[in-house]
Amino acid sequence: KRSLTTKTLGREIHCFGELSSTNDYAKVLIHQGVEDGAVVLARRQTSGRGRMQRVWESPEGGIWMTVILKPHLSLADAAKLTLSTGVALTHVCRELYGLDVQIKWPNDLVYQGKKIAGILGEVVGEWNAVQTLILGVGINANLEPKDLSPDIPATTLKELLGHPINLNDLVIAFLKSLEIEIKSLTEGDIEGLRARWLAYAAGIDKEVQVEQAGQGIKGILKGISSSGELILEVKGQEHLFSSGDVKLRSS
Ligand code: ATP
7 KRSLTTKTLG
17 REIHCFGELS
27 STNDYAKVLI
37 HQGVEDGAVV
47 LARRQTSGRG
57 RMQRVWESPE
67 GGIWMTVILK
77 PHLSLADAAK
87 LTLSTGVALT
97 HVCRELYGLD
107 VQIKWPNDLV
117 YQGKKIAGIL
127 GEVVGEWNAV
137 QTLILGVGIN
147 ANLEPKDLSP
157 DIPATTLKEL
167 LGHPINLNDL
177 VIAFLKSLEI
187 EIKSLTEGDI
197 EGLRARWLAY
207 AAGIDKEVQV
217 EQAGQGIKGI
227 LKGISSSGEL
237 ILEVKGQEHL
247 FSSGDVKLRS
257 S
């Protein structure tokens with residue numbers, strides 16, 4: 007049986023049967039004053055969100071959690087924690103389950119193109135005043151395909167492995183791995199993060215399509231810049247895209 011061996015992450019855990027969204031509850035906790043590394047967990051979310059207020063379906067059986075961080079980082083580096091989270095979760099899925107999970111920029115984990123987990127990072131309050139960041143993580147763990155809308159290209163750990171997994175073990179291993187990634191970023195090792203991210207990224211050197219303001223731009227996916235933007239090669243020229251306003255599709 008695994009036990010929590012982190013220094014700060016998950017030392018304070020708030021568990022619920024149901025929440026509207028673990029990110030929203032984390033914001034309430036922050037106003038009340040909460041420890042760095044506190045974690046919010048819910049068995050289901052009634053209004054889980056993806057990027058740009060898109061719906062994130064969160065029925066019972068998944069892992070719906072938020073990690074609250076007060077990192078000693080500039081805002082630009084703190085924004086990279088979304089990438090660190092993707093690296094940590096991918097690492098753990100590969101190590102615990104031997105699954106060839108990949109990262110779809112900027113915030114999704116996919117298995118053969120199907121989404122298995124999502125990450126939503128948000129800064130709370132003014133950066134200099136409060137310096138709090140929340141990392142929402144949703145993992146389709148012990149769900150079955152019928153638990154999610156049929157039009158969503160998703161998969162689950164249970165479906166891929168053919169059996170349910172131990173949710174505690176996954177949370178514990180993920181928090182450990184995330185703590186290591188946070189430490190490395192705090193020590194300034196951005197190139198290390200970039201290399202690990204690149205090793206796990208889906209679609210590198212392949213043709214993809216980026217959608218920006220309803221417009222599709224085709225190009226070859228080259229990687230991410232040191233500030234976390236997507237690098238796309240279009241007609242021999244490199245273009246950078248930030249995660250706020252674009253969607254990535256395999257073309
Ligand atoms: P894309 O729709 O191209 O994946 P995105 O990466 O920006 O865009 P997010 O905003 O991160 O997506 O997540 C929201 C989307 O994820 C929803 O529009 C829906 O299609 C899908 N989705 C919702 N719930 C789940 C879930 N539990 N598992 C996998 N995918 C989901």
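Numbering (our numbering), first residue to last: 7 to 257. Ideal placement from N, C-alpha and C gives every residue a C-beta, glycine not left out.
Scan the segment 83-132 and note each continuous beta strand (DSSP E) run of 3 residues or more that stays entirely inside, going in chain order. 108-110, 114-117, 120-130
Can you tell me the Cα-Cα spacing of V143 and L47, whole angstroms? One-based indexing of the sequence shown puts residue 143 at position 137. One-based indexing of the sequence shown puts residue 47 at position 41. One C-alpha to the other measures close to 10 Å.
Enumerate, from N- to C-terminal direction, the unbroken beta strand (DSSP E) stretches of 3 or more residues contained entirely within the segment 127-207. 138-145
Would you decide whether L11 is buried or exposed? Buried here means 16 or more other CB atoms lie within 10 Å of its CB. Working through the sequence shown from its first residue, we reach residue 11 at position 5. A quick correction: the sequence has Thr, not Leu, at residue 11. Exposed, because fewer than 16 other Cβ atoms sit within 10 Å of the Cβ of T11.
Can you find a heavy atom of the ligand ATP that lies under 8 Å from the Cβ of D83? Residue mapping note: residue 83 aligns to position 77 of the sequence shown, counting from 1. Incorrect: D83 has no Cβ contact closer than 8 Å to the ligand ATP.
Presumed contact (8 Å Cβ cut-off) between E18 and A44, rounded CB distance: Position 12 of the sequence shown, counted from the first residue, corresponds to residue 18. Position 38 of the sequence shown, counted from the first residue, corresponds to residue 44. Rounded, the Cβ-Cβ distance is 4 Å, consistent with contact.
Which residue comes first and which comes last in the beta strand (DSSP E) that contains Q51? Translated into positions along the sequence shown, residue 51 becomes position 45. Unbroken beta strand (DSSP E) run through Q51: 45-51.
Compare the C-beta of V73 against all C-beta atoms of chain B and say whether one is closer than 9 Å. Reference to chain B is not applicable here, since this structure consists of a single protein chain.
Taking the CB atoms as reference points, tell me whether A160 and G67 lie closer together than 9 Å. By 1-based counting over the sequence shown, the position of residue 160 is 154. By 1-based counting over the sequence shown, the position of residue 67 is 61. No, they are not a contact pair.
Just to check my reading of the structure: I158 and L87 have Cβ atoms closer than 8 Å, yes? What is that Cβ distance to the nearest angstrom? The sequence position of residue 158 within the sequence shown is 152, counting from 1. The sequence position of residue 87 within the sequence shown is 81, counting from 1. Wrong, their Cβ atoms sit about 26 Å apart, outside the cutoff.
Environment of D106 [buried if 16+ CB atoms lie within 10 Å]: As a position in the sequence shown, residue 106 is number 100, starting the count at 1. So D106 ends up on the exposed side.
To the nearest angstrom, how far is the alpha carbon of V34 from that of S27? If you number the sequence shown from 1, residue 34 lands on position 28. If you number the sequence shown from 1, residue 27 lands on position 21. Spanning the two alpha carbons is a distance of roughly 11 Å.
Would you report the Cα separation of G131 and Q137, rounded to the nearest angstrom? Here the question's residue 131 lines up with position 125 in the sequence shown. Here the question's residue 137 lines up with position 131 in the sequence shown. Taking the straight line from one Cα to the other gives about 7 Å.
With DSSP run on the structure shown, which of helix, strand or coil describes R57? Within the sequence shown, numbered from 1, the residue matching residue 57 stands at position 51. Helix, per DSSP.
Beta-ladder partner(s) of L246, from DSSP: The residue given as residue 246 occupies position 240 in the sequence shown. Answer is I237, bridged to L246.
Give the DSSP-derived three-state secondary structure of K224 in the structure shown. Reading the sequence shown from its first residue, position 218 is the one you call residue 224. Strand at K224.
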